[in-house]
Amino acid sequence: MSKYILALESSCDETACAIIKDNTEILSNVVSSQINVHKLYGGVVPEVASRIHIENISLVIEEALKEANIDIKDIDAIGITQGPGLIGSLHVGVQAAKTIAWLYNKPIIPIHHIAGHIYANSFVDTLEFPLLALVVSGGHTELVMMEEDYEFEVIGTTQDDAIGEAYDKVARLLGLGYPGGPAIDNLAKSGKANYKLPIPKVDKPYDFSFSGLKSAVMQLINRLKKNNEEIIDADIAYIFQETALSLLVNNTKKALNDFKPKHLVLAGGVAANSRLRELMQELIKDYPDIKLTIPPLWCCTDNAAMIGAATSIAYDKKMFKDLDFSARPSMDIEMR
Ligand code: KG4
Ligand code: ZN
C-alpha cells in the first residue's frame, strides 16, 4: 500500500502545500510567495504575512490536492510546520492542518522547519548516517549532526544574525532590495578583492557570527563616502560574500574532521548561493569518503515538499500528536 502525506508550510512568507507519495515522490508542490508584497517594505512584515496566509491557505491546499489528483480521504497523514518562525504565520498553518485532521479524522505530525530543510535532500539522494547538515537560511545558521533519522544535535549555531539575514541587510545597505541573497550572489560575480573586511571571531569551535560583519560593511561604505572615494557595489558584495562564506566553509571543515560523517548536506535558502555551492564542491575534494549533496534550487527556499519529506520519516516512526499542540515560534530541533 502506498503512503500519501499532505504537508503544509507557513512559517514565514510562503504559503505552501504539497502531496508526497511514498517518501520521495512529489505529486504536487504548490508555493504561493508573498515576496512581491514584502518587497514594498524592504523585508517581511509579520502582521501582513499572517493576513496573506489566511487568504491563501485554503486555495493552496485545494490546488495541491487537485494537481496531485487525489481525494483528501485518501491521505494517510498531515504534516505541518510547528516552528520555528513567525507566530502569526505559523498559527495559520497549524490551525488549517488541525482542522483538516479533525474533519477527516487523519493523524497529524508537527514538524520542525529545519528538519524539513534537511530532509529536502532526500528528494535527490539517499541520506546516509552519520550525517552533517549545514543549515543556512534567513533565520538559521547551524551545523547539525545526525547519527540517525530524527536524531538532531546542533553542534554550532550563530551567536547573533543568521547568514541570510546578513545577506538581506547588506543588500539593503547597497540598495538592492528584498530578498537580498540572490541580488548579492549575482552582483558579487563581477566583483574584485579591492576591499578588506575583518573576519568575525567566535569563542566556540563551530559557532558563527554575522552582525559584526554587517556593521563592518556599513563602516566601509561610510569611510569611502567620507573620503570621497568611489564605492564599487560589486566589490563590496564580493568581499562581504567571501568573508561570510569563509566562516561557513571553515566551520564545516572543522566539523568534518572532528565528527567524520558519511554524508554532508546543504540546507536552507542560502544553499541556493552559487559561490557557496562552488566552495562546498571544492571542500569535499579533500574528503573522498564523504558524500556531498547540494539540494536543487527549487527545494532550497521554503516549500511544503520538504515538510512532506520530513513527515514521511516521522510517519514511519509514528510521531503522531494529539490536536492540543500549538505553534512554537522558537521550537528547538533537539527536542521531540
Ligand atoms: O529557507 P528560506 O527560504 O527561509 C527561511 O527559512 O529563512 O531562506 C531565505 C533566505 C533569505 O535570507 C534569502 O536572501 C536567502 O535565503 N537566499 C540567498 C540566495 N537565495 C536565497 N542567499 C544567498 N544567495 C542566494 N542565491
Ligand atoms: Zn526556511
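Residue 767 in the working numbering is what sits at position 196 of the sequence shown, and the numbering runs on without skipping anything.
All residues carry an ideal CB built from backbone N, CA and C; glycine is no exception.
- The DSSP assignment places complete beta strand (DSSP E) segments of no fewer than 3 residues inside the region 673-753 at 679-683, 702-707, 712-717 and 723-728, in order along the chain.
- H834 has L702 and K862 as its beta-bridge partners, per DSSP.
- For N844, no alpha helix (DSSP H) segment is defined, and its DSSP state is neither H nor E.
- Beta-bridge pairing by DSSP links T872 to no other residue.
- Looking at the DSSP output, F891 shares a beta bridge with no other residue.
- Following the DSSP letters along the chain, one finds E618 inside the alpha helix (DSSP H) bounded by residues P617 to A639.
- Contact between G650 and G879 holds: CB atoms are separated by about 6 Å, below the 8 Å threshold.
- Just so you know, the alpha carbons of Y721 and E905 end up roughly 9 Å apart.
- Taking C-beta atoms as the reference points, I576 and I591 count as a pair closer than 7 Å.
- In the three-state reduction of the DSSP assignment, Y777 falls in the coil class.
- Note on geometry: alpha-carbon atoms of D903 and H683 lie some 8 Å from one another.
- Contact check for E713 against T728 passes: the beta carbons are separated by less than 7 Å.
- Distance from the CA atom of K856 to the CA atom of F723, rounded to whole angstroms, is 26 Å.
- Contact check for C870 against A691 passes: the beta carbons are separated by less than 7 Å.
- Per the Cβ contact rule, the region 813-824 is in contact with the region 777-784 (3 or more Cβ pairs under 8 Å).
- Across the set V741, N594, S581 and A838, the C-alpha of N594 shows the shortest separation from the C-alpha of K574.
- For the 7 Å CB-CB criterion, P771 and L784 form a contact.
- E853 sits in a helix when the DSSP states are folded into three classes.
- Counting along the chain, the unbroken alpha helix (DSSP H) around G783 starts and ends at S782 to K797.
- The beta-carbon separation of A843 and T872, rounded to 6 Å, stays under the 8 Å limit for a contact.
- Residue burial annotation: N676 is exposed, with fewer than 16 other C-beta atoms found within 10 angstroms of its C-beta.
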